[in-house]
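Novice: Quick one: the structure is below, questions incoming.
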Amino acid sequence: MLLFPLLQLAVWATIVHARFDPSRFTWYTSPANNFTSALPLGNGRLGAAVWGSTVENITLNENSIWSGQFMDRVNPDAYSALDPVRSMLKQGNITAAGQMTLARMVGSPDEPRAYHPLGSLVLHFGQEDSHVENYTRSLDLLKGRAIVDYEYHGVQFRREYVASHPAGVIAARLSASEAGRLNVAASISRDRYVTEKAATVGNGTGSLKLRASTAESDGINFTAAARIVAHGGRVSRNASSVVVQNATAVDIFIDAETSYRYADLAAWEAELDRKLDAAVRTSFPVIEQSATADHEALAGRVHLDLGSSHAAGDLPTDVRLAKYRTDPDADPELATLMFQFGRHSLIASSRETSTSPLPPNLQGLWNEDYEPAWGGRYTVNINLEMNYWPAGVTNLAETLGPLISLLETVKPRGQDIARRMYHCDNGGYVLHHNTDLWGDAVPVNNGTKWTMWPMGGAWLSANLMEHHRFTQDTTLLKERIWPLLQSAAQFYHCYLFLFNGYLSTGPSSSPENAFTVPNDMSESGKEEGIDIAPTMDNTLLSDLFHFIIETGNIVGINNTDTARASSSLPRIKHPQIGSYGQILEWRHEYEETEPGHRHMSPIFGLFPGTQMTPLVNSTLAAAAKVLLDHRIAHGSGSTGWSRAWSISLYSRLFDGDAAWNHTQVFLRTYPSANLWNTDSGPGSAFQIDGNFGFTAGIAEMLLQSHAGVVHFLPALPSSVSNGKVSGLVARGNFVVDMEWSDGELTWARVTARAGGKLAIRVQDGRQFSVNGSEYTEEISSVKGKVYEISLP
């Protein structure tokens, strides 16, 4: 492993810095020393994490490789416990209600399937670290390409890697600057459940094949393979490796296919061979060109300038991160780099495929562990939803397709669980706080603070509705989104019960917080989390019923679903305000066990919802701010994703300086060397959601559109007084470009991609003109027309 002193890193950086735009590239002067230092690539289905060592280790993933087949985990006692639990909750017997819920309603086993790694592509070059010089390893966020460069005994060696969405493969080119100087032995490695491993050669080409399963029995079966094409030299095999000697360049194409998408081994291996044979015929240069063009077509839509970092931006990324911790103001471009890294990661981990696409899980697409943190599953009480927060506003709406597909898998599973757990047989589906690739909908884990939360379908409905608001795609809304919204709402029409005059949830929780049982309830002083109608549940229900009505109006549906939504809305309890002016979290003002809890669930209506935002309800916005300040003052933002959420929450309150402070705290605290978000800082569990939440937070400072108005610079930080951005998207499918100077908008342009109502607000309500005329009222925009905003 290469270990350079920090001074040498900085000196080398000044030599090569012209090659690396500090807002576009992550780059390093040594190989990765752990997984969270590797360079992540992906085509939406296949993932690769490039380490860059002299013995190269490329961690491989395929997003349907999970620990096993579908399990029916429903507890047969669940329905018989429902009414007794509700009666206990109504009577204030909180502790007994929680105990019965966990004893009789939790699934068995209590966890669904976990995400597994595929394995590694291992490349032995016969080189020693001590003779490597002038080493760089870089990831181009615009083109989605990783490159490793170094000298060895006077020869320049290069490795180029792409994950091609058009070709469906990972592709690599290994090359030497002098003919015949490249030697490499390639193999595919996996530690568990390998059934066959083979290497073959012929016609100057080598092939690797690994067949494996994810369990001894009842696992997901798969085949991974590689084609190895040598340019010059000799190709042979050695046990399960392909050996290339005295070549000038070597191309490698990799794919994996699984039983999740294909009926039998013959079918998935036929697909694997088809892709790899086509890649060999196409050649690496053409594969690389199409892969980078495809990635750039998405990543290049948004350009962001938050100021130049000058000398700080010339440093390798790991050195920048270290320096940022003590001098964040010297490197504003690090925030731009992290913004684009989030967009790169979404493109890499969420793309449509021909069969059963899957969305990014808790670790996106990248995982090296057979027992990843929290199973690497889809956690739906914040994490999966946060993965898609940047999709609409940062011009990546196409990435939402895999989420829609997963929910179409969840729906029939959730309908079955709605029938068996709640006797709801009206077509409604339920989803608790976790799911897996099979759409598991049963309560997960066994804890009073998180297990019993039947609101997953309601929250994910918000992601679906937001997709339409950004794209105005009425066909998708009617054909695929409406059935999911309809089924989610149908469940609650059955499940909700009257309590104190309101339609209420229960047993439920406020993710993942707990309260102290008060003296007038049983077992006072005990920590509990299960209750009736937490504030978040009510907010989600109100939003869902509004979505049903809104969608009905758009696509011309006027039926019992829309009528029931209209009649249910007034019977959902509005958010309540507590003794010190805060939004209440539960039905009573219970004492919090964690005043600085990481979840901001009670103020969902501030972000990503809208009910508590200043332009919608200033009273609730003020109360949301009280609770937010209270949480932060007591230590909230203690995980990367929680801190990222805080950026958007303060942006919605138009507090740009607070939002920027949380931006800097995030960058100082949570990123690993390769910029992946972590749970509590480098060395702790990697979670991709914080990366996506960070990107959404930066966008939220600059552009908001949730209140029916395109709002320019609603939360511009004073520290970012000059800058520009192009390609952001406002709801209504308006593309926004703008510049600002000395803290004020100087120019903006809106392009109407769909037409329709265009209402505009600039910063705190400043006067402006549109196409030379003073703006006084909303505009009926025309599809394709450009609207120029100028200030006096």
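In terms of mature numbering (1 follows the signal peptide of the UniProt record, and there is no 0), the sequence shown is residues -18 to -1, 1 to 774. Positions of the beta carbon are idealized from the N, C-alpha and C atoms, including for glycine. This structure is a prediction, so every number in the text was calculated from the model and none was measured.
#1: Less than 8 Å between the CB atoms is what I'm expecting for S773 and F323, so what's the real figure, rounded?
#2: Nearest to Y244 by alpha carbon, out of S46, V537, R625 and L523?
#3: In angstroms, rounded to a whole number, what distance separates the CA positions of H(-2) and M320?
#4: Can you check whether the CB of A208 is closer than 8 Å to the CB of I269?
#5: Could you tell me the boundaries of the beta strand (DSSP E) in which E115 lies?
#6: Is it buried or exposed, S654, if we count other Cβ atoms within 10 angstroms and call 16 or more buried?
#7: Relative to the C-alpha of F750, which residue among V702, D724, F694 and V711 is closest?
#8: Applying the 10 Å Cβ sphere with the 16-neighbour rule, what's the burial state of G421?
#9: Comparing alpha-carbon positions, which option in V499, M503 and A471 lies nearest S549?
#10: Return the residue from the list P699, Y352, T118 and M82 that minimises the CA-CA distance to L42.
#11: Which residue marks the beginning of the beta strand (DSSP E) containing D287, and which one marks its end?
#12: Please report the Cβ distance between L389 and L466, rounded to the nearest whole angstrom; I am assuming they are in contact, meaning their Cβ atoms lie under 8 Å.
#13: Taking 7 Å as the limit between beta carbons, can you name the residues of its chain near R1, skipping five residues before and five after?
#14: Given this structure, state the Cα-to-Cα distance separating Y360 from E160, to the nearest angstrom.
#15: Cα separation between N365 and T453?
#16: Pick from N220, L631 and D296: whose alpha carbon is nearest that of G591?
#17: Under the DSSP definition of a beta bridge, which residues are partnered with D131?
#18: Pick out whichever of H556, S583 and L698 has its Cα sitting closest to the Cα of N599.
#19: Ignoring anything shorter than 3 residues or poking outside the stretch 16 to 62, list the beta strand (DSSP E) runs there in chain order.
#20: For a test of the three-state rule: what should DSSP assign to M437, helix, strand or coil?
#21: Along the chain, where does the beta strand (DSSP E) containing I234 start, and where does it finish?
#22: Does the contact criterion of 3 or more C-beta pairs under 8 Å hold for the stretch 76 to 90 versus the stretch 99 to 106?
#23: Which residue marks the beginning of the alpha helix (DSSP H) containing V608, and which one marks its end?
#24: Excluding the 5 residues flanking V362 on each side, which residues of the same chain have their C-beta closer than 7 Å to its C-beta?
#25: Would you kindly work out how many angstroms separate the C-alpha atoms of H570 and A154, rounded to a whole number?
#26: Excluding five sequence neighbours on each side, which residues of the same chain lie with their C-beta closer than 7 Å to the C-beta of E350?
#27: Terminal residues of the continuous beta strand (DSSP E) containing V711?
#28: Among G534, V537 and L478, which one has its Cα closest to the Cα of D519?
#29: According to the neighbour-count rule (16 or more other Cβ atoms, all chains shown, within 10 Å of its Cβ), is A221 buried or exposed?
#30: Taking Cβ positions, are G714 and G747 nearer each other than 8 Å?
#31: In angstroms, rounded to a whole number, what distance separates the CA positions of L419 and P425?
#32: Given a cut-off of 8 Å, decide if L84 and N377 are closer than it, judged by their beta-carbon atoms.
#33: Taking C-alpha atoms, which residue in A640, R731 and H285 lies nearest to V768?
#34: Which one of P696, L103 and W9 has the shortest CA to CA distance from S189?
#35: Assuming W729 is part of the beta strand (DSSP E), what are its boundary residues?
#36: Leaving out the 5 sequence neighbours to the left and right, which residues in its chain are closer than 6 Å to I234 when beta-carbon positions are compared?
Specialist: So, from the listed chains and residues:
#1: As written in the sequence, residue 773 is Leu, which differs from the Ser given in the question. With a Cβ gap of about 33 Å, L773 and F323 do not count as contacting.
#2: S46
#3: Because the pLDDT at H(-2) is just 39, under 50, the model does not fix this residue reliably, and the value given afterwards should be weighed accordingly. H(-2) and M320: Cα-Cα distance of roughly 18 Å.
#4: If you check the CB distance, I269 and A208 do not come in under 8 Å.
#5: V114 to D122
#6: buried
#7: F694
#8: buried
#9: A471
#10: Answer by Cα proximity: Y352.
#11: Where D287 is concerned, the enclosing beta strand (DSSP E) stretches over H285 to D287.
#12: 5 Å
#13: So the list is empty, once near-sequence residues are dropped.
#14: 48 Å
#15: 23 Å
#16: L631
#17: The bridge partners DSSP lists for D131 are T118 and R140.
#18: H556
#19: 21 to 24, 28 to 32 and 37 to 44
#20: coil
#21: Its beta strand (DSSP E) spans residues A231 to T240.
#22: no
#23: Residues S600 to A615.
#24: L413, H415, N416, T417, G438, W441 and L442
#25: Cα-Cα distance, rounded: 59 Å.
#26: F17, T41 and P99
#27: G705 to A712
#28: L478
#29: exposed
#30: No, the pair does not count as a contact, with Cβ atoms beyond the cut-off.
#31: 15 Å
#32: no
#33: R731
#34: Selection P696, L103 and W9 evaluated against S189 yields L103 as nearest (Cα-Cα).
#35: E726 to A734
#36: A154, A208 and I210
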